[in-house]
Amino acid sequence: MMNSMNDASVSQELQKVFEELKSMFGSCEAVHIDARQYKLIVPSDKTLGMLTYLKSIGYSHLSIITCVDWIDEKKFELVYILFNWSNGATFLVSTFIDRDRPVFYTVKDMWPTAEYYERDVHEFFGVEFEGNENCKKPLMLELWDDLPPLRKDFDPLQYSKEHFPDRTYEKDPIHEARIIRGDIEGDIEGGEIDG
Amino acid sequence: MDKIEKIDERGVWEKIADQLRSRSMWMLHYCTGCGAVELPPSMTSRFDMERLGMGPMATPRQADLFLVTGYLSTKTLRRVIYTYEKMADPKYVIGFGSCTINGGIYYDSYSTINRLDQYLPVDLYIAGCMPRPEAILNAFTKLMDMIRKGEADGWKRYNENYEWYKQNQLRSLGEVVVYDEFHE
Numbered sequence: 672m673m674n675s676m677n678d679a680s681v682s683q684e685l686q687k688v689f690e691e692l693k694s695m696f697g698s699c700e701a702v703h704i705d706a707r708q709y710k711l712i713v714p715s716d717k718t719l720g721m722l723t724y725l726k727s728i729g730y731s732h733l734s735i736i737t738c739v740d741w742i743d744e745k746k747f748e749l750v751y752i753l754f755n756w757s758n759g760a761t762f763l764v765s766t767f768i769d770r771d772r773p774v775f776y777t778v779k780d781m782w783p784t785a786e787y788y789e790r791d792v793h794e795f796f797g798v799e800f801e802g803n804e805n806c807k808k809p810l811m812l813e814l815w816d817d818l819p820p821l822r823k824d825f826d827p828l829q830y831s832k833e834h835f836p837d838r839t840y841e842k843d844p845i846h847e848a849r850i851i852r853g854d855i856e857g858d859i860e861g862g863e864i865d866g
Numbered sequence: 012m013d014k015i016e017k018i019d020e021r022g023v024w025e026k027i028a029d030q031l032r033s034r035s036m037w038m039l040h041y042c043t044g045c046g047a048v049e050l051p052p053s054m055t056s057r058f059d060m061e062r063l064g065m066g067p068m069a070t071p072r073q074a075d076l077f078l079v080t081g082y083l084s085t086k087t088l089r090r091v092i093y094t095y096e097k098m099a100d101p102k103y104v105i106g107f108g109s110c111t112i113n114g115g116i117y118y119d120s121y122s123t124i125n126r127l128d129q130y131l132p133v134d135l136y137i138a139g140c141m142p143r144p145e146a147i148l149n150a151f152t153k154l155m156d157m158i159r160k161g162e163a164d165g166w167k168r169y170n171e172n173y174e175w176y177k178q179n180q181l182r183s184l185g186e187v188v189v190y191d192e193f194h195e
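Chains as they are written, first to last, in our numbering: chain A, 672 to 866; chain B, 12 to 195.
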């Protein structure tokens with residue numbers, strides 16, 4: 672972080688940015704997180720415009736694209752985290768899309784790294800990014816055949832039980848107690864291979 | 012469960028070979044999970060596994076021992092099975108940490124397996140999260156002892172029960188094929 676930038680001058684600069692954003696994009700809700708972090712909630716049709724504008728004024732480092740599943744509101748929240756290297760400020764640009772039809776637009780032409788973040792979000796939440804032709808390629812989960820696993824209606828324990836057999840333990844408390852008391856030597860064992 | 016006395020089926024030459032094998036072990040330097048952080052202290056000067064006659068090896072073709080350090084996601088398990096099958100006989104597997112025993116804290120994860128011995132024959136487990144380097148060295152000496160006695164016969168079991176292991180692998184992984192889009 673730059674030494675010359677103190678919190679006061681950063682907040683002045685940010686106020687200027689907010690005013691410009693307001694004049695360009697109309698209503699834009701800004702949530703204060705701390706002196707250098709703000710969350711901007713924008714409608715989905717204005718998101719790409721706002722990202723382009725923020726990139727052009729120095730918020731050019733895309734830290735991550737991530738997603739939140741608001742299952743009760745039937746919405747996915749996409750969050751783009753933009754960082755400015757000259758004053759150390761961060762904007763979280765967030766937008767809500769329909770959970771039943773999760774389609775959005777790619778930003779990989781602005782940030783080439785976005786391709787991988789978008790593939791990640793597609794794999795774990797099922798959001799499709801139009802324009803990213805590699806979006807549907809498997810990245811981390813190979814041969815996945817279930818709901819995207821970070822959706823709230825996916826049950827990981829159930830999936831684990833179905834796919835990955837568990838170890839069964841036969842407990843012999845008397846034997847264990849004799850080992851603990853020192854009557855016999857040995858390991859407290861369990862989980863013999865039952866295959 | 013009663014311990015069944017195992018009959019030593021080895022011939023004289025194999026017994027001699029096992030004596031020699033146990034004194035020159037090469038551990039495959041392949042780190043699957045967070046357990047990998049315990050390997051540098053075990054290998055370097057403080058705990059120094061070379062005084063046991065063991066060394067790290069970079070390629071599976073020349074390694075004897077596969078130390079599976081920690082949790083295995085399905086993606087990693089495919090690579091681990093590939094690597095294990097590439098190793099030359101005789102080969103030994105140590106399951107390291109509670110994740111390989113019963114899934115550990117990832118018991119309910121959608122992408123990590125719960126029991127390593129369903130997919131690969133494990134000769135020895137080290138319990139703990141994490142096991143300290145002392146435990147690793149303890150396991151190494153125990154494994155060497157097992158090799159001398161002919162008890163570390165996981166590679167034979169894998170050959171004999173190949174169908175069973177393969178069936179388990181296919182059941183959990185769908186298909187044991189490694190796709191690598193970066194080297195296509």
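A virtual CB, placed ideally from N, CA and C, is assigned to each residue, including glycine.
Check                                                                                                                                                                              : Outcome
Please look up how many angstroms separate the CB atoms of residue 734 of chain A and residue 754 of chain A, rounded, as I've assumed it's under 8 Å.                             : 5 Å
What are the boundary residues of the alpha helix (DSSP H) that residue 681 of chain A is part of?                                                                                 : 678 to 696
Can you check DSSP and say which residues form a bridge with residue 161 of chain B?                                                                                               : DSSP lists no partner for residue 161 of chain B.
State yes or no: is the beta carbon of residue 790 of chain A nearer than 8 Å to at least one beta carbon in chain B?                                                              : no
Quick one, are the C-beta atoms of residue 816 of chain A and residue 830 of chain A less than 8 Å apart?                                                                          : no
Which value, in whole angstroms, describes the spacing of the CA atoms of residue 90 of chain B and residue 189 of chain B?                                                        : 7 Å
Is it right to say residue 140 of chain B is buried, meaning 16 or more other beta carbons lie within 10 angstroms of its own, or is it exposed?                                   : exposed
Using a Cβ-Cβ cut-off of less than 8 Å, give me the residues of the region 101 to 130 of chain B that come near chain A, in sequence order.                                        : 112, 113, 114, 118, 119, 120, 121, 122, 123, 124, 125, 126, 128 and 129
Quick check on this structure: which residue in A/746, A/824 and A/785 has the alpha carbon closest to the alpha carbon of residue 805 of chain A?                                 : A/785
With 7 Å as the limit, tell me which residues of the region 825 to 851 of chain A have their beta carbon closer than that to any beta carbon of chain B; keep them in chain order. : 827, 828, 830, 831, 834, 835, 836, 837 and 838
When you compare only the Cα positions, how much space is there between residue 37 of chain B and residue 847 of chain A?                                                          : 37 Å
Cβ of residue 50 of chain B within 8 Å of Cβ of residue 80 of chain B?                                                                                                             : yes
Is the region 82 to 97 of chain B touching the region 141 to 154 of chain B in the sense that three or more CB pairs, one from each, lie closer than 8 Å?                          : no
Counting only Cβ pairs nearer than 7 Å, list the residues of chain A close to residue 185 of chain B.                                                                              : 814
What first and last residue would you give for the beta strand (DSSP E) that runs through residue 765 of chain A?                                                                  : 761 to 769
Can you list the residues of chain B that residue 808 of chain A reaches, using a CB-CB cut of under 9 Å?                                                                          : 192
Expressed to the nearest angstrom, what Euclidean distance is found between the alpha-carbon atoms of residue 865 of chain A and residue 131 of chain B?                           : For residue 865 of chain A, the predicted structure reports a pLDDT of 43, less than 50, and the residue's modelled location is therefore unreliable. The matter cannot be settled from this model.
Is residue 114 of chain B helix, strand or coil when you go by DSSP?                                                                                                               : coil
Looking at residue 765 of chain A: is its Cβ nearer than 8 Å to the Cβ of residue 717 of chain A?                                                                                  : no
Can you find a CB in chain B that lies within less than 8 Å of the CB of residue 811 of chain A?                                                                                   : yes
Can we count residue 704 of chain A as close to the ligand ADP, meaning its CB is less than 7 Å from some heavy atom?                                                              : For the ligand ADP, the structure offers nothing, since it holds no ligand at all.
So residue 820 of chain A contacts chain D; which residues on that side make the cut at Cβ distance below 8 Å?                                                                     : Looking at the structure shown, chain D is missing, and the protein chains on hand are A and B.
Taking beta-carbon pairs under 9 Å, can you tell me which members of the region 154 to 174 of chain B lie near chain A?                                                            : 172
So, is the C-beta of residue 178 of chain B closer than 8 Å to a C-beta in chain A?                                                                                                : no
Should residue 102 of chain B and residue 75 of chain B be called a contact, given that it needs their Cβ atoms to be closer than 8 Å?                                             : yes
Distance, Cα to Cα, residue 104 of chain B vs residue 78 of chain B?                                                                                                               : 6 Å
Which chain A residues sit within Cβ distance under 7 Å of residue 86 of chain B?                                                                                                  : 811 and 813
Between residue 758 of chain A and residue 681 of chain A, what straight-line distance do the alpha-carbon atoms span, to the nearest angstrom?                                    : 7 Å
What whole-angstrom Cβ distance do residue 748 of chain A and residue 762 of chain A have, given they're in contact under 8 Å?                                                     : The Cβ separation is near 15 Å, so there is no contact.
Please return the same chain residues whose Cβ sits closer than 7 Å to the Cβ of residue 803 of chain A, not counting the five positions on each side in sequence.                 : 777, 779, 786 and 789
Do you know how far the Cα of residue 694 of chain A is from the Cα of residue 677 of chain A?                                                                                     : 26 Å
Would you kindly report the start and end of the unbroken alpha helix (DSSP H) that includes residue 848 of chain A?                                                               : 844 to 852
Evaluate contact between the region 109 to 128 of chain B and the region 831 to 843 of chain A, counting only Cβ atoms and requiring at least three cross-stretch pairs below 8 Å. : yes
Let me know the alpha helix (DSSP H) ranges lying completely inside the region 736 to 809 of chain A, each 4 residues or longer, listed in chain order.                            : 785 to 796
Report the three-state DSSP secondary structure of residue 130 of chain B (helix, strand or coil).                                                                                 : coil
Quick check on residue 173 of chain B: buried or exposed, where buried means 16 or more other Cβ atoms within 10 Å of its Cβ?                                                      : exposed
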